[in-house]
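Step one of this worksheet: look at the structure below.
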Amino acid sequence: MTDPTWIQAALVAARPRAVGALLRYFRELDLAEEAFQDACLKALQSWPVKGPPRDPAAWLIFVGRNAGVDGLRRRGKQTALPDEAVLSDLDDVETPMAERLDGADYRDDVLRLLFVCCHPDLPATQQIALALRIVSGLSVRRIAKAFLVGEAAMEQRITRAKARVAAAGLPFETPGPIERAERLGVVLAMVYLVFNEGYSAPGGPDADADDRAGLTGEAIRLGRLLLRLFPAEPEVMGLTSLMLLQHARAGARFAEDGAVILLDDQDRSRWDRTAIAEGLALMDKALRHLRPGPYQVQAAIAALHARAASAEVTDWAGIERLYETLEIMQPSPVVSLNRAVAVMKARGPDEALAMIEPLADRLGGYFYFFGLKGTLLSQLGRAREARAAFDQAIALADTPAQAAHIRDQIDGLRAAGP
Amino acid sequence: MQYAVLCYDREDVVSAWSKDEDDAVMARLGVVQEKLAAQGRIGPVARLLPTTAAATVRKGAEPLILDGPFAETKEQLLGFYIIDCEDLEAAVAVAKDLAQASGSAGAYELRPIGYFKDWKAAE
């Protein structure tokens with residue numbers, strides 16, 4: 139009845155709650171992880187024979203806690219005795235687990251675990267790597283593959299991140315409402331980073347299956363996890379909606395040879411309608427709360443694209459208004475640049491070009507700035523200036539696909555020229 | 365007798381399946397469905413989106429709208445089948461077929477249907 143696939147999935151699903159609780163007991167990331175690993179091994183022996191427990195996470199926490207205590211005792215024999223304070227939380231081992239763990243404990247445990255992984259002392263890449271290792275349980279090999287670095291280098295990066303987190307001191311007090319909201323905000327930003335890491339990966343023949351080692355899927359799973367813990371937070375709905383709506387286009391974003399296919403040219407029948415339906419449903423729920431935020435606005439933009447049956451019928455005026463809102467909430471030249479794209483679509487290249495010119499100082503090293511500038515100039519028939527902008531874009535391209543796309547634009551200029 | 369076969373499982377576990385695993389399960393369940401369809405014994409089949417996309421309206425003088433599913437339970441209602449069966453034993457046989465095909469934990473609840481009208485089909 140319980141096949142290995144189900145057990146594997148159950149272990150993955152229980153991981154954030156179980157490691158979060160074990161971290162609360164042991165107050166050390168490595169020990170919590172080891173205890174969880176031990177519990178998983180015992181689960182693999184026990185569940186196929188006895189059937190799975192009603193609550194896999196509670197089972198894993200209970201077994202993991204005992205395994206961790208044993209480990210500490212063994213370690214104690216070899217080296218010094220463990221600090222009594224470390225074990226101070228263990229006197230309630232006998233209390234019924236299920237009852238205690240059903241409540242708000244889980245929520246704060248998981249939130250703490252995620253929060254620890256995105257400690258502000260860590261650079262973004264280390265935050266993502268640590269979260270993928272600790273919360274999602276991805277192997278170091280898989281994370282290394284996602285970041286296109288060697289396994290040893292990634293191992294070192296994660297070890298360093300852990301040391302840094304430990305040195306900074308883990309936040310163990312139960313958070314108050316304000317602290318909880320702040321932590322949630324930091325965690326949402328980290329989940330979005332994980333998503334973007336997967337989403338902005340170069341496409342190619344195996345991009346669909348590979349999906350940058352599944353990072354976008356992992357991020358969506360983290361979003362749903364947060365939604366279960368905080369069911370009435372509109373920004374959590376907004377972020378998850380945003381990720382689902384963006385991810386829905388994954389199958390249409392790249393040609394067989396890895397070339398980028400822009401939104402206008404995508405085959406919309408290849409968009410994932412189930413993901414879109416879920417994203418739109420979350421968006422609708424979020425709007426009911428009348429507490430707008432940047433993720434909801436971005437999701438609303440993605441929703442307008444998702445709802446358009448073809449590129450021609452896209453509500454660009456609506457998208458422009460949403461970018462305007464986002465500009466107010468989160469002023470950034472990149473947001474302004476995106477708004478300029480909507481302006482170009484809604485009202486033509488003249489106005490859009492006037493909008494982006496003041497951004498030149500701050501976006502002088504940004505590929506998309508020169509890509510858009512070139513497009514606008516070429517639409518205005520200023521081929522020579524367009525060519526100069528496209529050349530700058532190529533110089534700033536991160537991936538061969540980006541450069542190839544701009545070269546196509548330059549070819550287009552030549553074809554249109556005299 | 366018509367039965368609703370209600371599919372319960374842990375949503376966090378089911379959503380942790382890879383796309384390949386999910387596709388494989390759906391394909392196996394599809395085989396069972398086709399068998400029933402060939403006998404003309406199966407009606408609508410639905411897979412529900414995650415409960416995180418759900419909202420609940422609590423009845424009352426002033427209905428209360430809540431985020432999330434009706435009940436916070438360990439196993440969630442993930443989908444359902446409507447099937448024709450002579451008796452409970454036949455319905456149990458179908459559920460056993462489905463259980464074997466799904467390979468998952470969770471449960472199938474068999475609920476005899478008292479009233480059924482398919483408005484879509486009546487169009």
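Protein sequences appear in the order of chains A and B.
Heads up, the first sequence is in my numbering, so the first residue is 139 and it goes up one at a time.
Heads up, the second sequence is in my numbering, so the first residue is 365 and it goes up one at a time.
Each residue gets a CB set at the ideal place from its N, CA and C atoms; glycine is no exception.
Counting C-beta pairs closer than 8 angstroms gives fewer than three between the stretch 456-463 of chain A and the stretch 486-497 of chain A, which falls short of the contact rule. Taking 8 angstroms as the CB threshold, residue 246 (chain A) stays off the interface with chain B. Straight-line spacing of the CA atoms in residue 507 (chain A) and residue 497 (chain A) works out to 8 angstroms. DSSP places residue 471 (chain B) inside the beta strand (DSSP E), whose first and last residues are 471-476.
Nearest Cα to residue 551 (chain A) within the set A:504, A:315 and A:528: A:528.
In terms of beta-carbon proximity, residue 284 (chain A) stays away from the interface with chain B, with every pair separated by 8 angstroms or more. Contact with chain A is found for residue 374 (chain B), since one of that chain's Cβ atoms lies less than 8 angstroms from the residue's Cβ. Under the three-state reduction of DSSP output, residue 430 (chain B) falls in the strand class.
In terms of beta-carbon proximity, residue 391 (chain B) stays away from the interface with chain A, with every pair separated by 8 angstroms or more. About 6 angstroms separates the beta carbon of residue 390 (chain A) from that of residue 409 (chain A), a gap short enough to meet the 8 angstroms contact definition. With a cutoff of 8 angstroms on beta-carbon distance, residue 319 (chain A) and residue 257 (chain A) are scored as not near each other. Per DSSP, reduced to three states, the secondary structure at residue 373 (chain B) is strand. Contact annotation, residue 376 (chain A) with residue 330 (chain A): C-beta distance approximately 11 angstroms; criterion of less than 8 angstroms not satisfied.
With 16 or more neighbouring CB atoms inside 10 Å of its own CB, residue 431 (chain B) falls in the buried class. Leaving aside the five residues that flank residue 164 (chain A) on each side, the residues in its chain whose CB is nearer than 6 angstroms to its CB run, in chain order, 170 and 206.
In this structure residue 400 (chain B) is not in contact with residue 475 (chain B), their Cβ atoms being roughly 17 angstroms apart against a cut-off of 8 angstroms. At a beta-carbon threshold of 9 angstroms, the residues of chain B lying near residue 148 (chain A) are 374, 376, 377, 380 and 469, ordered along the chain. The beta-carbon separation of residue 382 (chain A) and residue 416 (chain A), rounded to 5 angstroms, stays under the 8 angstroms limit for a contact. Residue 267 (chain A) places its beta carbon less than 8 angstroms from that of residue 281 (chain A). Counting only residues of its own chain and dropping the five nearest sequence neighbours on each side, residue 477 (chain B) has a CB closer than 6 angstroms to the CB of 366 and 368.
Residues of chain B with a Cβ closer than 7 angstroms to the Cβ of residue 141 (chain A) are, in chain order, 467. Looking from the CA of residue 365 (chain A), the closest CA among A:461, A:211, A:178 and A:245 belongs to A:245.
The Cβ neighbour count for residue 442 (chain B), taken over all protein chains shown within 10 Å, is at least 16; the residue is labelled buried. Taking 8 angstroms as the cut-off, the beta carbon of residue 178 (chain A) is found closer than this to the beta carbon of residue 149 (chain A). Non-local beta-carbon contacts of residue 445 (chain B) in its own chain, meaning distances under 6 angstroms to residues more than five positions away in sequence, involve 369 and 409 in chain order. For residue 150 (chain A), no beta strand (DSSP E) run applies; the uninterrupted alpha helix (DSSP H) run containing it begins and ends at 142-164, by DSSP. Of the candidates A:161, A:300, A:321 and A:337, the residue whose Cα lies closest to the Cα of residue 284 (chain A) is A:337. For residue 428 (chain B), there are no neighbours in chain A by C-beta distance under 8 angstroms, as the nearest C-beta there is about 12 angstroms away. With fewer than 16 other beta carbons inside 10 angstroms of its own, residue 451 (chain B) counts as exposed. According to DSSP, residue 411 (chain B) shares a beta bridge with B:443.
Contact note: residue 369 (chain A) reaches chain B through 431 and 432, using a C-beta cutoff of 7 angstroms and chain order.
CA-CA distance, residue 325 (chain A) to residue 253 (chain A), rounds to 6 angstroms. In the structure shown, residue 208 (chain A) adopts helical secondary structure according to DSSP, grouped into three states.
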